[in-house]
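To start, the structure itself, in structure tokens.
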Amino acid sequence: METIKPLIQYLAVLCLSPLLLGIINRVKAWFAGRRGSPLLQLYFDLYKLSYKTSVYSRTTTWLFRAGPIIGLGAILCALAALPFAGRPGFLAFDGDFIFLIYLLGLARFFTVLAALDTGSSFEGMGASREIQFAVFAEPAFFLSLAALSKATGRLSLSGMFLALEPASWQAAAPALLLLTAALFIILLAENSRVPVDDPNTHLELTMVHEVMVLDHGGPDLGFILYGAALKLWFFGALIASAVLPRHSGSWLYDGLAFLAMMAVIAAGIGVVESVMARLRMIKVQYLLMAALVFSVLALLFQTGR
Amino acid sequence: MSIPPVLLENIPLLSGEEFAESVTGKLRSGGRAAAFFAITEESAFRLVMVIARDAQGRLEIVSTMAAGSFPSLTAELPQLHLFEREIYEITGLRPQGHPWLKPVRFTGAAAQPGVAEYFRVHGSEVHEVAVGPVHAGIIEPGHFRFQCHGEKVFHLEIALGYQHRGVERRLACGPDARSLHYAQTLAGDTTAGHAWAYCDTVEALAGAAVPARAQVLRAIMLELERLANHTGDLGALAGDVAYLPTASFCGRLRGDFLNMTALICGNRFGRNMFVPGGVNFDLDAALVTELKLRLDAAFRDAEAAVALLLKTNSVVDRFDAAGLLLSDAARGLGLVGPVARACGIPLDTRRNFPFGPYHDFTLSASGRGDVYARAYVRWAEMQKSAQLIGSWLAALPGGPVVAQCGPLKPGAAAVSLIEGWRGQICHVAITDAAGNFRSYKVVDPSFHNWMGLAMALRNGEISDFPLCNKSFNLSYCGHDL
């Protein structure tokens, strides 16, 4: 049983990720006084896209086709190393958090290349913005994980969260609070949520992530949407693990608490998206710089102790 | 307002040089070109310009004869740039010295909409972004070309004409059974505005006196149209900055105002309400009560929705200083409507050229020319509109709602100005010896204002374009005619 538990966790992640977006959309709908789309809408969309045919422009090359597959592959790989409710993922090893950052970087690199491959001015602009934001988001992410590593004294992501206890929060509350805040900002930025990006907009000139995938269709678009849902889970799980340090030892109980926390985080994203407008494009960098400063401070606090 | 019809022979006919001198003098001393067009004479064209002296509330008409070409005044008076291009396109009269002589609506036999030379900025890091004519949302077609450096916009050129239907030419064949229909569909969302302007010119030429009750009912339709569109615009502005609550509320409230319009005349856009001489539908006591209730409820909700929008810091920060248009530029381009008022130009046809029941209209909404100002002016106007409708419903004048409208005065010209929700609408009708239209000129506020949008984007960010565009919300149809 113990050997298949990580597999069951992994399957649970693969199945439940699209639900997060359903929760976000329902919360937003509730704030706006609407009924909203079904909770399972993304599952329906993915099913619909799965039996469609992809359409490729004659001006694109293999890069355009590789983008969605490499993007999805990278995030699937990253999730295998991600702890679930304080239990290690089956791919966990020392230093895996650096590996994860590179996997996400690889996914971003190929998404950007696929966007540039279309030669569209919209997609080029989106790619430029994506990279511009990554300049701050990536180091912020790296440093916040480094701070966590320093706080717990472990080098694998699973180890860090396993070592994280309620006592760690008492001992290193400022650092943990700062890095959780940094992770939440990075979550919003990496998953193209308000206030960084607007996932609902149809206006290409204002898009960041959406515009890079405008030319993808059919199963390719399905890969991208599913990859985005998994990525949201990835960042949500990091935050959930950071703020839920108490582990009862019961796999089922811990798992359910963890899932409940994930739902709360999704609802939190929905609330953020409902109560504030999107930032002006040039001001997004200030938000990301704040995340960077938070994680630098968290690391400094830990180093100084 | 409409001025009493002027006999065509009484319109001052100046020589080319006198005309240029006179126009330059008038437009430099507080005048504004409300309309500038050509009418066909036997062997040449007669250029007619209607100049509005906003401060005095006076209209002046001057004209000159031209054949082959005429001297362009655009370089000195930018507000004439599109009028001169339009004259060139329709008549072939070349405005000598026009700095950017391009087709306006691409109506020539070989012309294809959007196919023309565009202004280009050269440089290794300058990139060009072309948007449209097919857009992502459900909007009308238009082509936008940006010259950018990174996110910064150096220049935006707007090419329209995809919606050209030849409606002006068709109106000039009237008045007939379809004229009113064409007038109220000139721009789909400005039915009351254009229908009123059309009725106004016809009534002026026929010498009909519209009963007081009909005037008030018309004004109620016009203000309901303003309420519905401003509400929709504020919601759309909220949607563009991803602020969902106001976007959703306003979407519903716009429908409420449109439904009130439907309650009066059976059509959500107010079609079929206006008729030369008065209106087609009257209000009974029960309907008045119902309208009052609905107005109060809808306006109360709108108040809450807009307060949410204008009091949320992140929204204010997003609107503030976006799409800045300075008042000098706005004045130079002859902008009209809420857009001009948001730049601090005190022009409102309801006050400067009172028509219908607007004799003691006062409203001074002003701003510094950014998206916030344009949103705020809309909200100020909504409050005024709701208050006006409320007071009119409380004291509707009695009497008939339609008067006899006889044959039109032959050989005369009539001008009417109406403040539609987008700004000043100008219709000029000129009749022939038999009392039929010889020429019918329509100037939608969008015709003046599109260039304002292009200017507002200069040195702005390209990601601000949708927001700016929405804050202007101009009509493609009204421009393309």
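Chains as they are written, first to last, in this note's numbering: chain A, 80 to 384; chain B, 759 to 1239.
For glycine and all other residues, C-beta sits at the position ideal for the given N, C-alpha and C.
Run down chain B in chain order and give the residues with a C-beta less than 8 Å from the C-beta of residue i.
i        : result
A:Ser353 : Leu1002, Pro1003
A:Ile361 : Glu909, Glu1219
A:Phe110 : Leu1002, Pro1003
A:Arg113 : Ser1006
Kindly indicate which three-state DSSP category residue i falls into: helix, strand or coil?
i         : result
B:Ile1147 : helix
B:Gln1182 : strand
B:Gln921  : coil
A:Val290  : helix
B:Tyr876  : coil
B:Gln1162 : coil
A:Val322  : helix
B:His939  : helix
A:Gly306  : helix
B:Thr798  : strand
A:Ile83   : coil
B:Phe803  : strand
B:Ala791  : strand
B:Ala869  : coil
B:Gly840  : It is worth fixing the name first, because residue 840 of chain B is Leu in this sequence and not Gly. In this structure, B:Leu840 counts as helix in the three-state DSSP scheme.
B:Gly1036 : strand
B:Lys1167 : coil
A:Leu125  : helix
B:Ile809  : strand
A:Phe188  : helix
A:Phe240  : helix
Bridge partners of residue i, per DSSP?
i         : result
B:Leu771  : B:Ser821
B:His901  : B:Ala917
B:Gln854  : B:Pro829
B:His885  : B:Cys906
B:Glu1219 : B:Lys910
B:Lys1050 : BP columns for B:Lys1050 are empty, so no partner.
B:Thr1189 : B:Phe1195
B:Ala1055 : Answer by DSSP bridge pairing: none, since B:Ala1055 is not bridged.
B:Leu1175 : B:Cys1184
B:Arg816  : B:Arg811
A:Phe163  : A:Arg166
B:Leu765  : B:Ala1170
Give the interface partners of residue i over in chain A, defined as CB-CB distance under 7 Å, in chain order.
i        : result
B:Val999 : Ala356, Arg357
Under 8 Å by Cβ, that's how I've got residue i and residue j pegged, so tell me the actual separation to the nearest angstrom.
i         : j         : result
B:Ala977  : B:Tyr1198 : The pair is not a contact, with the Cβ atoms about 24 Å apart (cut-off 8 Å).
B:Gly1095 : B:Thr948  : Not really, about 11 Å apart at Cβ, beyond 8 Å.
B:Val820  : B:Val781  : 7 Å
B:Phe828  : B:Ala791  : Contact doesn't hold; Cβ gap of about 15 Å is too wide.
A:Ala261  : A:Ser223  : 5 Å
B:Leu985  : B:Leu1067 : With 8 Å as the limit, B:Leu985 and B:Leu1067 do not qualify as a contact, their Cβ atoms being about 16 Å apart.
B:Arg1180 : B:His913  : Actually they do not touch by this definition, with Cβ atoms about 25 Å apart.
A:Met286  : A:Ala206  : At roughly 11 Å, the Cβ-Cβ gap does not stay under 8 Å, so A:Met286 and A:Ala206 are not in contact.
A:Ser320  : A:Phe240  : 4 Å
B:Gly1028 : B:Ala950  : 5 Å
B:Ala1063 : B:Thr1004 : 5 Å
B:Val999  : B:Leu765  : The pair is not a contact, with the Cβ atoms about 53 Å apart (cut-off 8 Å).
Run through chain A and tell me which residues come within less than 8 Å of residue i, C-beta to C-beta.
i         : result
B:Val755  : In the structure as shown, chain B starts at 759 and stops at 1239, and residue 755 of chain B therefore has no counterpart that could be examined.
B:Ala894  : His281, Leu282, Glu283
B:Arg1076 : Ala356, Arg357, Leu358, Arg359
Please compile the residues from chain B whose C-beta is within a distance smaller than 7 Å of the C-beta of residue i.
i        : result
A:Lys107 : Leu1002
Between residue i and the ligand HEM, is there a pair consisting of the residue's CB and a ligand heavy atom that are separated by less than 8 Å?
i        : result
B:Leu838 : As far as ligands go, the structure on display features none, and thus does not contain the ligand HEM.
task = Could you run through the stretch 1206 to 1226 of chain B and flag, in chain order, every residue whose CB is less than 9 Å away from some CB of chain A?
result = Glu1219, Ile1220, Ser1221, Asp1222, Phe1223, Pro1224, Leu1225
inquiry  = Counting only Cβ-Cβ distances shorter than 8 Å, please list the residues of the stretch 792 to 810 of chain B near chain A, keeping chain order.
reply    = none
query = According to a CB-to-CB cut-off of less than 7 Å, which residues of the stretch 834 to 851 of chain B neighbour chain A?
reply = none
key: Residues from the stretch 253 to 278 of chain A in contact with chain B, defined by Cβ distance under 9 Å   = Val273, Pro274, Asp276, Asp277, Pro278
query = In chain order, what residues of the stretch 1060 to 1075 of chain B put their CB closer than 7 Å to some CB of chain A?
reply = Thr1070, Ser1072, Val1073
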